[in-house]
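What follows is a set of notes on a single structure, which appears directly below.
Residue numbers (our numbering): 938 to 1228.
So, in structure tokens, the structure goes:
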């Protein structure tokens, strides 16, 4: 019988750690599961959100690598009138932050960001900047959020990116409590790319640290530094898809972790002990482009 399976993966070592999930979820292959994963130097946390009958209230189960046991949250997660983009969660300040879709075919409410505090189960709505709401009903409008701040910097926040009519605009949340935003960049894609492509069409994007916008077109990958106003062509991605996900990660040989179930190796690379760095050694950051 087909069953739902969940794994944590390290793309460098090509290893998988099997995560056991609740029986009622595992056997429901038609379940619309939303997965959120948060990882730091101490371990990881996995969140599973699911609901029935298109309800805006989601049940939430949480598993930490430290405890290895699923726990159900008593308070359900209220998502609001729009669908949420679970593919780009931002975890900070003790909460998961998700942005809504901005499709004109949904409820006529404005796009928004909603947070879910995984300690007390409280949900909170955050407004996107007033300028970002203009033109949200246009078919070309797309919004995304990313974590703001360098890895070595303790100051974290949320970065909002809007792509509208082939132009990027970027804001950063400067005050969490008052919901204050500051615009830090606005540029047309055709001006950024220049003569490298004719009529470039953006297929994916991500913000790295607090100074770089990485984006893909139908054929290429670019990195734009808005502080220096410089663009670099990274290369061709060869993904035949109109929607591309860009995932950042650090090249590390750190294991996925240990739970009650054993980990599995997939095409594992061979390393002798003398050439293997310690588990805490981190190599330069990398990008993964996924169609």
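All residues carry an ideal CB built from backbone N, CA and C; glycine is no exception.
_Please tell me whether residue 1064 and residue 1049 are closer than 8 Å, where the distance is taken between their beta carbons._
yes
*Taking C-alpha atoms, which residue in 1071, 1007 and 979 lies nearest to residue 985?*
1007
*asked:* Would residue 1010 and residue 1027 qualify as a contact pair, given that the criterion is a beta-carbon distance under 8 Å?
replied: no
*Enclosing beta strand (DSSP E) for residue 1062 [first to last residue]*: 1060 to 1064
_Three-state secondary structure assigned by DSSP to residue 942_ = coil
*In this structure, does DSSP put residue 1131 in helix, strand or coil?*
helix
*Cα-Cα, which of 1012, 1133 and 944 is closest to residue 1059?*
1012
*Tell me whether residue 1175 sits in a helix, a strand or coil according to DSSP, three-state version.*
coil
*Of the listed residues 1163, 1085 and 1100, nearest to residue 1141 (C-alpha basis)*: 1100
*In the structure shown, what three-state DSSP assignment does residue 1006 receive?*
coil
*Go through its chain and collect everything with a Cβ distance to residue 1001's Cβ below 6 Å, but skip five positions before and after it.*
982
*Are residue 1126 and residue 1160 touching if we call contact CB-CB under 8 Å?*
no
_8 Å contact criterion, which residue 1085 and residue 1094 should meet: CB distance rounded_ = 4 Å
*Would you decide whether residue 991 is buried or exposed? Buried here means 16 or more other CB atoms lie within 10 Å of its CB.*
exposed
*Simplified DSSP assignment, three categories, for residue 1167*: strand
*How many angstroms separate the CA atom of residue 1098 from the CA atom of residue 1068?*
12 Å
_Which of the three DSSP states is assigned to residue 954 in this structure?_
strand
*How many whole angstroms separate the CB atoms of residue 1014 and residue 994, which I take to be in contact at a CB cut-off of 8 Å?*
7 Å
*Could you tell me the distance, in whole angstroms, from the CA atom of residue 1206 to the CA atom of residue 948?*
The predicted model places residue 1206 with a pLDDT of 28, which falls under 50 and marks its position as unreliable; any figure quoted below should be read in that light. Looking at the two C-alpha atoms, the distance is approximately 11 Å.
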